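Before any comments, here is the structure.
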Amino acid sequence: MDWQEISGGWVLTPPNPRGIVHFLGGAFIGTAPHITYRWLLEALSQAGYAVIATPFLNTLDHNAIARDVLNRFETILSRLQAKNALGQRYLPIYGIGHSMGCKLHLLIGSLYSVDRVGNILISYNNYPVERAIPFAQQLQLTPTFNLEFTPSPQDTLDLIDTDYQVRRNLIIKFRQDDLDQSYDLLPILEPKFNQMVSMQILPGNHLTPIPMGPDVKWNAGSFFTPLDAVGQWFKQEIYRDLNRLKDEVLRWLNPVNFS
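At position 183 of the sequence shown the residue is numbered 183 (our numbering), and the sequence of numbers has no breaks.
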């Protein structure tokens, strides 16, 4: 499966796609999503979804980052449509974010009128600077030097509450995720959109979407040996939670296939 670099983003286009996914990763690891999130994104493409992953560099101005990734997504989408790489029929567009990527999708859906059928928000994170960036507390040299993201965590929640327009949302939280703040987000989205918001709590942790190693292609030889058994067990353990995440994402994107 071949990734294309187009206008500063990374793209996978399967034949006859059924939909488009705009993916945004976490802070720092979101700079190379086609590498850090490769397994998950290629699984989505294999299931028939065109993937547009826009990397970003983290700064204090999250509004500017949201504007930039949206502009690049729309530029990439226009180029793909001009080349007829997506076909002629209408394709639904979904946002998928992990960690800080969730905040960016929420800002996009609050600040701009965008065509989104829905958003999947994995391990939503909205911490202030002093917790999100190592050594940030030491950078606050005087009481008047106020180092914080724009918008701040509370301003972000207020903006979502008043202006967020994407009605269908799936929130995914992992059981061993101490960085997740999905429980702050759920009571804001549920009253706005009622039955259009759902939450899934899955096994795993904050790094589950980013497997810490290659997807080993373990092929048993002519004779199945104890070493083959260990290799297959190792692969299953590493990717068990990631496969569960993939299944939940695909079920939400196309519930007909899982009925």
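Where is the CB? At the ideal position from N, CA and C, for every residue including glycine.
Since this is a predicted model, take the numbers as computed values, not measurements.
N- and C-terminal bounds of the alpha helix (DSSP H) containing residue i
i, result
"residue 81", "62–82"
"residue 152", "Premise fails: residue 152 is in no alpha helix (DSSP H) and is neither H nor E."
"residue 35", "33–36"
Where residue i falls, given that 16 or more other Cβ within 10 Å makes a residue buried
i, result
"residue 119", "buried"
"residue 194", "exposed"
"residue 150", "exposed"
"residue 185", "buried"
"residue 17", "buried"
"residue 234", "Because residue 234 sits at a pLDDT of 48, beneath the cut-off of 50, its placement in the model cannot be relied upon, and the point is left open."
"residue 78", "exposed"
Nonlocal neighbours in the same chain, by C-beta distance under 6 Å from residue i, ignoring five residues either side
i, result
"residue 44", "21, 51"
"residue 200", "172, 248"
"residue 215", "Interpretation of residue 215 is limited by its pLDDT of 49, a score under 50 that renders its predicted location unreliable; the figure taken from the coordinates is listed afterwards. Here the set comprises 39."
"residue 213", "A caution first: residue 213 carries a pLDDT of 47, below 50, which makes its placement in the model unreliable, though a value can still be read off. The answer is none, since no qualifying residue turns up."
Best match in the options for proximity to residue i [C-alpha to C-alpha]
i, options, result
"residue 176", "131, 241, 62, 103", "241"
"residue 75", "41, 11, 131", "11"
"residue 29", "54, 49, 5", "54"
"residue 73", "156, 207, 88, 95", "95"
"residue 42", "109, 103, 210", "210"
Backbone secondary structure at residue i - three-state DSSP
i, result
"residue 169", "strand"
"residue 198", "strand"
"residue 108", "helix"
"residue 4", "strand"
"residue 160", "helix"
"residue 179", "coil"
"residue 118", "strand"
Enclosing beta strand (DSSP E) for residue i [first to last residue]
i, result
"residue 183", "Taken as a continuous stretch (DSSP letters only), residue 183 belongs to no beta strand (DSSP E), being part of the alpha helix (DSSP H) at 182–193."
"residue 53", "49–53"
"residue 21", "19–24"
"residue 98", "93–98"
"residue 9", "9–12"
Residues near residue i by beta carbon distance below 7 Å, same chain, minus five either side
i, result
"residue 139", "Its pLDDT being 49, under 50, residue 139 is placed unreliably in this model, and the value from its coordinates should be taken loosely. Taken in chain order, the residues that qualify are 147."
"residue 168", "117, 118, 196"
Cβ-based neighbour list, residue i, same chain, cut-off 8 Å, excluding 5 preceding and 5 following
i, result
"residue 181", "124, 125, 126, 127"
"residue 90", "none"
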